[in-house]
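Asks:
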Amino acid sequence: MSPVVARPTLTTLPPSTPRPRAVALVLHGGAEYGADVVRPWRLAYLRMVPVARAVRAAGARHGLEVRLLRNRVRGWNEPARHPVEDARWALERIRAERPGLPVVLVGHSMGGRVALRVCDDEAVRGACVFAPWTPPDEPVEPVAGRTVVIAHGALDRVTRPEDSYRYARRADAQAGRLARFDVAGENHALLRRPALWNRLAAEFAVQTAGLVPDHGLLARAFAHDAPLRWSLML
266 MSPVVARPTL TTLPPSTPRP RAVALVLHGG AEYGADVVRP WRLAYLRMVP
316 VARAVRAAGA RHGLEVRLLR NRVRGWNEPA RHPVEDARWA LERIRAERPG
366 LPVVLVGHSM GGRVALRVCD DEAVRGACVF APWTPPDEPV EPVAGRTVVI
416 AHGALDRVTR PEDSYRYARR ADAQAGRLAR FDVAGENHAL LRRPALWNRL
466 AAEFAVQTAG LVPDHGLLAR AFAHDAPLRW SLML
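So the mapping is simple: the numbering used here equals the position in the sequence shown, first residue as 1, plus 265.
1) State the start and end residues of the unbroken beta strand (DSSP E) segment that holds H373.
2) Quick one: Cα of D421 to Cα of D351, how far?
3) Roughly how many whole angstroms lie between the Cα atoms of R487 and R494?
4) In this structure, what does DSSP give as the bridge partners for G475?
5) Can you check whether the CB of T424 is closer than 8 angstroms to the CB of W398?
6) Give me the DSSP bridge partner(s) of L278.
7) Can you find the residues in the same chain that come closer than 7 angstroms, C-beta to C-beta, to G410, ignoring five residues on each side of it along the sequence?
8) Quick one: give me the first and last residue of the alpha helix (DSSP H) that A409 is part of.
9) Could you spell out where the beta strand (DSSP E) holding R442 opens and where it closes?
10) Have a look at P400 and R378 and give me their C-alpha separation to the nearest angstrom.
11) Leaving out five residues before and five after L497 in sequence, what residues of the same chain have Cβ atoms less than 6 angstroms from its Cβ?
12) Beta-carbon within less than 6 angstroms of G294's beta-carbon, same chain only, minus the 5 sequence neighbours each way: which residues are those?
13) Where do the N-terminal and C-terminal ends of the beta strand (DSSP E) with R390 fall, by residue?
14) Between C384 and P279, what straight-line distance do the alpha-carbon atoms span, to the nearest angstrom?
15) Out of P285, A289 and R272, which has the shortest C-alpha to C-alpha gap to V394?
16) With 16 as the cutoff for other CB atoms within 10 Å, does H417 come out buried or exposed?
17) Taking buried to mean at least 16 other C-beta atoms within 10 Å of its own C-beta, is E387 buried or exposed?
18) Of the choices E297, M313, A436 and P367, whose alpha-carbon is the least far from that of V349?
19) Taking 8 angstroms as the threshold (C-beta atoms), are A444 and V405 in contact?
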């Protein structure tokens, strides 16, 4: 594979408060391999634009700033793991520009895998991942002590719900708290029930960042015991 020369980009959706109190970093999907540049019109990136806007709509008045990352290239590209490098670059930049603020992650598909992988950053409080790509050997140590929410469409044929269930089962002992949802009637694109995905991302972001008290759907989910907590129906 040729050297990657493109640069990642961060789009900022500012809060409505004078100063931000927390940051949400939104991560898009991709492919296992691919060196083609991620353009602003690529569908995997565009899918996360309304999610980022929903997170901002819920959190702006509480001081939540949203950053939407656009990766350099489309692929994960083992062993280079380009999107992991891009996410760590984004987190380093956020820590430099917003020192001391908590960061929460929201990711879809490959972006979900990236979010889980970079949860070990010192600023990160947790990750909310939709239809994550979680191979059997995906490490669970990065989520130690973090809040993890996983949601997977029951009809997904791109990333398997069974794989994210197995990941949840393995990660549960590491995570500070973890809940996983099976979303009825939904596939990998997350287009059949968009309001639900937006709600999950928004509620996770404001609660996990500590901007509002825990309440509602997520508070009820975390209250369940395992293994029920790994396969809650929506």
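Yeah, the Cβ is synthetic: ideal placement off N, Cα and C, and Gly gets one too. Keep in mind the model is a prediction, meaning the values are calculated, not measured.
Replies: Answer, in terms of the structure:
1) V368 to H373
2) 26 angstroms
3) The sequence given here has Phe at residue 487, not Arg. One C-alpha to the other measures close to 7 angstroms.
4) According to DSSP, G475 bridges with nothing at all.
5) yes
6) V331
7) G441
8) No alpha helix (DSSP H) contains A409, which DSSP labels as neither H nor E.
9) R442 to V448
10) 9 angstroms
11) F446 and A486
12) A309, H373, S374, M375 and G376
13) V389 to F395
14) 23 angstroms
15) A289
16) buried
17) exposed
18) E297
19) no
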